[in-house]
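Single-structure report; data block below.
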């Protein structure tokens with residue numbers, strides 16, 4: 028058989044088994060297996076938060092040890108996302124071709140290795156290079172993590188599982204803040220080789236963060252099987268059936284013989300075996316790539332291409348807003364902490380005063396001795412408050428998502444984000460500022476979760492990870508462009524970035540109109 032016929036061969040067994048597998052998963056119920064999987068997923072999400080969140084806490088402490096300028100700080104912030112951009116789409120495409128688990132294990136292993144390199148670095152160049160490769164390796168595993176969790180859940184609980192999984196972002200941010208507060212407030216320094224190699228507080232901080240991707244790598248490698256949906260789409264029926272039976276036994280405590288789908292796909296196994304024997308010489312890397320290209324072709328045809336464009340554009344805007352507020356909040360909180368004693372009227376007066384003072388310092392101060400500055404206790408406390416506030420909408424949305432629908436919730440969240448962002452410009456107390464930041468960050472997290480859930484629902488198993496990767500690719504571009512644009516707009520005038528973000532969130536609300544209400 029020629030290579031031209033291979034894609035058709037690869038897709039033959041997809042239709043009926045994929046329809047059957049949801050009923051098989053429903054019979055497995057939701058139990059100890061999914062709870063353990065979600066616990067492991069939380070470790071993965073914690074690893075994700077550490078890639079970006081730690082940099083904001085790290086910069087003030089390490090700026091003197093590494094002689095960092097403001098430009099170098101910005102580059103260090105951008106490096107993980109630059110690495111993610113280069114690998115996310117390719118990894119997503121290959122994940123649909125070769126499986127979820129291998130990319131998850133390799134990705135977290137790579138993140139662990141390069142986090143250890145970061146922690147051991149003595150120069151800025153090594154630190155920024157390690158950050159780049161950390162993002163590069165992590166992007167290979169994040170989309171498979173999202174896909175794998177949802178593919179072990181039946182359709183009737185999938186949306187709530189996605190929202191619960193997304194709430195791990197808020198929880199992990201609280202833990203990152205607590206870890207940063209506990210470690211970075213200390214003055215630790217250990218010298219080796221006569222002072223030629225020095226480990227400072229931030230080095231030990233990074234060593235501590237490396238334990239999370241190591242734990243994720245081990246847990247996924249030992250305790251989590253491959254996705255049965257992926258296995259079915261590749262004709263591995265026996266392996267998929269055995270995994271489903273194992274999930275059923277773990278969740279119900281009943282013997283395997285009582286599983287209603289214990290004989291599922293047995294009639295297809297012989298055909299798949301004969302097919303494999305006949306074409307085993309042709310099932311090469313090239314075969315998988317050709318089959319995968321055939322599978323993703325419908326993504327770029329109507330109506331899926333319209334949905335894909337709307338989802339990617341919405342994710343670009345949402346992640347831009349979310350990460351601007353999340354990554355800049357510690358800095359903005361520190362500014363408020365320093366300027367709140369002055370006779371000011373609102374947040375913009377404080378920010379304009381800060382930017383004016385910064386320009387004056389640059390023009391008049393000769394920094395002969397570098398004095399690192401640390402955020403005060405109030406900044407860490409405010410970050411923890413924001414983290415806890417971000418958990419509340421998940422509880423509300425988890426109840427409403429099946430009744431109201433993801434599309435309507437996304438539009439309602441868009442209206443709330445516009446309102447919260449506009450009100451931030453006029454906030455005139457620390458309580459109002461923290462409250463409004465909490466609302467806008469929490470709502471944007473919900474919007475990301477709903478957008479993610481829509482992607483998982485609209486795109487099938489053979490294209491799901493690739494679609495999620497494309498969505499995250501554009502989201503990360505939004506993160507990069509947003510974090511570059513925010514200080515530029517802030518320098519023009521405090522009102523400019525807040526009005527700009529509000530206008531963009533109006534666009535997201537409008538884009539939601541073009542998304543499907545049902546699968």
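Residue numbers (our numbering): 28 to 546. Note that CB positions come from ideal geometry on N, CA and C, so glycine has one too.
Short of 6 Å in beta carbon distance, which residues of its chain neighbour residue i, apart from the five on each side in sequence? Order them along the chain.
i: residue 225; result: 218
i: residue 104; result: 82
i: residue 578; result: Coverage of the chain is limited to positions 28 through 546, which leaves residue 578 absent and any answer about it impossible.
i: residue 419; result: none
i: residue 531; result: 344
i: residue 433; result: 477, 480 and 481
Whose C-alpha, out of the options, is nearest the C-alpha of residue i?
i: residue 350; options: 504, 124 and 496; result: 504
i: residue 485; options: 358, 182, 439 and 522; result: 182
i: residue 131; options: 173, 344 and 100; result: 173
i: residue 215; options: 232, 203 and 205; result: 232
i: residue 499; options: 171, 52, 66 and 198; result: 171
i: residue 237; options: 74, 506 and 428; result: 74
i: residue 247; options: 284, 220, 69 and 341; result: 69
i: residue 26; options: 379, 261 and 417; result: Within the shown structure, residues of the chain are numbered from 28 to 546, placing residue 26 beyond reach of any answer.
i: residue 274; options: 221, 453, 417 and 252; result: 252
i: residue 415; options: 53, 188 and 205; result: 205
i: residue 443; options: 58, 536, 279 and 109; result: 536
i: residue 106; options: 165, 209, 213 and 481; result: 165
i: residue 407; options: 276, 487, 359 and 100; result: 359
i: residue 480; options: 168, 110, 179 and 187; result: 187
i: residue 541; options: 192, 223 and 335; result: 335
i: residue 109; options: 501, 523, 516 and 539; result: 501
i: residue 141; options: 64, 234, 213 and 49; result: 234
i: residue 354; options: 272, 62, 57 and 84; result: 84
i: residue 197; options: 430, 454 and 470; result: 470
i: residue 633; options: 289, 454 and 363; result: Since the first and last residues shown for the chain are 28 and 546, residue 633 lies out of range.
i: residue 482; options: 363, 167, 331 and 53; result: 331
i: residue 496; options: 117, 512 and 518; result: 117
i: residue 264; options: 294, 282, 250 and 139; result: 294
i: residue 458; options: 178, 363 and 490; result: 363
i: residue 341; options: 58, 438, 515 and 427; result: 438
Tell me which residue opens and which closes the alpha helix (DSSP H) that residue i is part of.
i: residue 232; result: 228-236
i: residue 69; result: 59-89
i: residue 132; result: 128-147
i: residue 436; result: 433-451
i: residue 474; result: 457-485
i: residue 269; result: 264-279
i: residue 180; result: Element bounds for residue 180: n/a, residue is neither H nor E.
i: residue 543; result: Per DSSP, residue 543 belongs to no alpha helix (DSSP H) and is neither H nor E.
i: residue 531; result: 522-538
i: residue 260; result: 255-260
i: residue 415; result: 404-416
Taking DSSP's pairing of strands, which residues face residue i in a bridge?
i: residue 249; result: Per DSSP, none; premise fails for residue 249.
i: residue 224; result: 219
Which residue marks the beginning of the beta strand (DSSP E) containing residue i, and which one marks its end?
i: residue 219; result: 216-219
Spatial neighbours of residue i within its chain, please: CB distance less than 8 Å, with the 5 preceding and 5 following residues excluded, ordered by chain position.
i: residue 451; result: 374, 460, 463, 464, 467 and 525
i: residue 424; result: 190, 436, 473, 476 and 477
i: residue 507; result: 105, 108, 109 and 112
i: residue 32; result: Any reading at residue 32 needs caution, since the residue's pLDDT is 45, under 50, leaving its predicted position unreliable; the model's value is listed next. Excluding sequence neighbours, residue 32 sits near nothing in its chain.
i: residue 54; result: 275, 286, 287 and 288
With a threshold of 7 Å on Cβ separation, who are the neighbours of residue i within its own chain once the five nearest residues in sequence on each side are excluded?
i: residue 35; result: A caution first: residue 35 carries a pLDDT of 44, below 50, which makes its placement in the model unreliable, though a value can still be read off. Hits under 7 Å: none found.
i: residue 47; result: 291
i: residue 533; result: 445
i: residue 99; result: 151
i: residue 337; result: 538, 541 and 542
i: residue 357; result: 83, 84, 402, 406 and 410
i: residue 305; result: With a pLDDT of 39 at residue 305, under the threshold of 50, the predicted position of this residue should be treated as unreliable, though the coordinate-derived value follows. Excluding positions up to five away in sequence, the list is empty.
i: residue 184; result: 57
Compute every distance between the C-beta of residue i and the non-hydrogen atoms of the ligand ADP, then say whether any falls below 6 Å.
i: residue 134; result: The ligand ADP is not among the ligands present in this structure, which contains no ligands whatsoever.
Any beta carbon of chain C sitting closer than 7 Å to that of residue i?
i: residue 345; result: This model lacks chain C altogether; it includes just one protein chain.
Note to self: Does the contact criterion of 3 or more C-beta pairs under 8 Å hold for the segment 250-257 versus the segment 143-157?
What the structure shows: no
Next item on the list: Kindly confirm or deny that the segment 73-81 and the segment 160-176 touch, where touching means at least three C-beta pairs closer than 8 Å.
Entry: yes
Margin query: For the structure I just gave you, are there three or more beta carbon pairs, one from the segment 464-475 and one from the segment 445-454, closer than 8 Å?
Written below: yes
Notebook entry, point to check: Do three or more CB pairs link the segment 130-146 to the segment 86-97 at distances below 8 Å?
Noted result: no
Notebook entry, point to check: For the 8 Å Cβ check, are there 3 or more pairs between the segment 134-143 and the segment 237-247?
Noted result: yes
Next item on the list: For the segment 402-422 and the segment 191-201, state whether three or more C-beta atom pairs, one from each stretch, are separated by less than 8 Å.
Entry: yes
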